[in-house]
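For the record, in the sequence shown the residue sitting at position 43 is 51 according to our numbering, with numbers rising by one throughout.
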Amino acid sequence: MAYRKLGRTNKHRRSMLATLTKQVIMNESIKTTDTRAKEVRKFVDKMITYGKKGDLVSRRKALAFLHNDKKVVEKIFNELAPRYATRNGGYTQILKLDERRGDGALVVMLRLMQDESK
């Protein structure tokens, strides 16, 4: 599977992606660059899929990736997994906002999809 290096070392990249994943899950939206959003989307979808499985192995995998942040894992398993129970993937949405003033990087909003019932 190809992935983006994002100009970081392996440890820094993994930590950054885990932190961005936690922020998306807790706040349900973040503003970041387009390339970071496309990379983080994979991990957010994977965490919600773990929540939908709901077994102990999935919970431990989510905890391992998210730096043992129990609040985030509880939100995944108790709120997000039931919300997306009927949805098969595609839990996130990327909305293009503007270009960043300093370097012209495309800034986007990465957010969780809203409920279909609303």
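Every residue gets a Cβ at the ideal spot worked out from N, C-alpha and C, and that includes glycine.
Evaluate T94 with the Cβ neighbour count: other Cβ atoms within 10 Å of its Cβ, from every protein chain shown; 16 or more gives buried, anything less gives exposed.
Counted from its first residue, the sequence shown places residue 94 at position 86. Burial call: exposed.
**Q.** Extent of the continuous alpha helix (DSSP H) run through L64
**A.** Residue numbering aside, residue 64 sits at position 56 when the sequence shown is read from its first letter. That run of the alpha helix (DSSP H) goes L64 to F73.
Helix, strand or coil at R44 according to DSSP, with G and I counted as helix:
Here residue 44 refers to the residue found at position 36 of the sequence shown. Annotated three-state conformation of R44 is helix, per DSSP.
Exercise. In terms of alpha-carbon separation, which member of G98, R44 and K104 lies closest to Q122?
Worked result: Residue 122 sits at position 114 when you count from the first residue of the sequence shown. Of the candidates G98, R44 and K104, the one whose C-alpha sits nearest the C-alpha of Q122 is G98.
*Residues bridged to Q101 [DSSP beta-bridge criterion]*: Mapped onto the sequence shown, residue 101 falls at position 93. Under DSSP, Q101 forms a beta bridge with R119.
Q) Would you call S66 buried or exposed, if buried means 16 or more other Cβ atoms sit within 10 Å of its Cβ? A) Here residue 66 is taken as the residue at index 58 of the sequence shown, counted from 1. Buried, because 16 or more other Cβ atoms sit within 10 Å of the Cβ of S66.
Next item on the list: Return the Cβ separation of R109 and S37 in integer angstroms, given the expectation that the two are a contact with Cβ distance under 8 angstroms.
Entry: Against the sequence shown, residue 109 aligns to sequence position 101. Against the sequence shown, residue 37 aligns to sequence position 29. About 21 angstroms separates the beta carbon of R109 from that of S37, a gap too long to meet the 8 angstroms contact definition.
Cβ neighbour criterion (16 or more within 10 Å) applied to A72: Numbered from 1 along the sequence shown, position 64 holds the residue referred to as residue 72. Taking every protein chain shown into account, the CB of A72 has fewer than 16 other CB atoms within 10 angstroms, so this residue is exposed.
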